[in-house]
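Numbering (the numbering used here), first residue to last: -12 to 242.
Beta carbons are placed, not taken as given, at the ideal position from N, Cα and C, and that holds for glycine.
Predicted, not measured: the structure shown is a model, and the values here were computed from it.
So the structure is just underneath, and the comments pick up after that.
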Ligand SMILES: [Zn+2]
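Written as structure tokens, this is what we have:
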């Protein structure tokens, strides 16, 4: 038996009444656990084993999965659930953490990062800002901090007034003098580059205060998405859901 703080990253139903959970914990890192009988109305732990909360969980070591024996809710970030967009953003950030971690490797920094991100969402910081803040720090933790100050090819300090390209496979921004790979034609605006720098340098409170044109935020979102796709190798599944929640798209009628 052992006791740990944990946040539920994902879960799926298993068998008649069980559920398998992927948890992030500070000391053990990511681990899978089984909650037996949790879907029965009589389950004692059923209501507590929810995502978007910091839990204190007692587990018994098992052969395949450790078994949840007791749960106490530490922090329930209840306001985070009020908006579908902030809940979808919370899932997205949990999935990024899940994909960034190997099982059973200590994960204190990532645990603290997700914890803080959920606090910020719960404090009603704009979900998009929280997501970018989180992505930038996650990239740092994974050792893939995007380069936004110097050209990734010639290492020259970028100057105001030149044109830049965003090249995630090379790790950041490319100056106008360097050819880069053949596919590197996507430009990035000076304002978007400035905002990427802000995400690296400013704390969450400062970022929450910024007043920005929607188009610049969208450009930075697309840039970070593309960057993380290269760093984590594919798109998170939760992104499709987040997009759906945020901007219902008109599906063209079949012809
Ligand atoms: Zn260059």
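Top-ranked residue by Cα proximity to residue 190, from 139, 123, 213: 123
Closer than 7 Å: residue 149 CB and nearest ligand 1 heavy atom: For ligand 1, not one heavy atom lies less than 7 Å from the Cβ of residue 149.
Neighbourhood of residue 243 by C-beta distance below 7 Å, restricted to the same chain and skipping five residues each side: No answer is possible for residue 243: the residues shown for the chain start at -12 and end at 242.
Sequence-distant residues of the same chain with beta carbon closer than 6 Å to residue 72, five excluded per side: Taken in chain order, the residues that qualify are 114, 232, 233.
DSSP-derived helix/strand/coil call for residue 92: Looking at residue 92 - three-state DSSP - the assignment turns out to be coil, as it is neither helix nor strand.
Near ligand 1: residue 140 beta-carbon under 7 Å from a heavy atom: True, at least one ligand heavy atom lies under 7 Å from that Cβ.
CB contact flag (residue 10, residue 67, <8 Å): Their beta carbons are not under 8 Å apart, which means residue 10 does not touch residue 67 by this criterion.
Strand pairing of residue 41, partner residues [DSSP]: Per DSSP, the beta bridge partners of residue 41 are -6, 62.
Where residue 184 falls, given that 16 or more other Cβ within 10 Å makes a residue buried: exposed
Nearest-angstrom beta carbon gap, residue 46 and residue 60 [assumed within contact, 8 Å]: Not a contact, Cβ separation roughly 16 Å.
Nearest residue (CA-CA) to residue 5, options -10, 32, 194, -7: 32
Status (buried if at least 16 other CB within 10 Å, exposed otherwise) for residue 49: exposed
heavy atom of ligand 1 below 7 Å from residue 164 C-beta: yes
Spatially closest choice to residue 173 from 151, 158, 181, 157, by CA coordinates: 151
Unbroken alpha helix (DSSP H) run spanning residue 184, endpoints: 177 to 188
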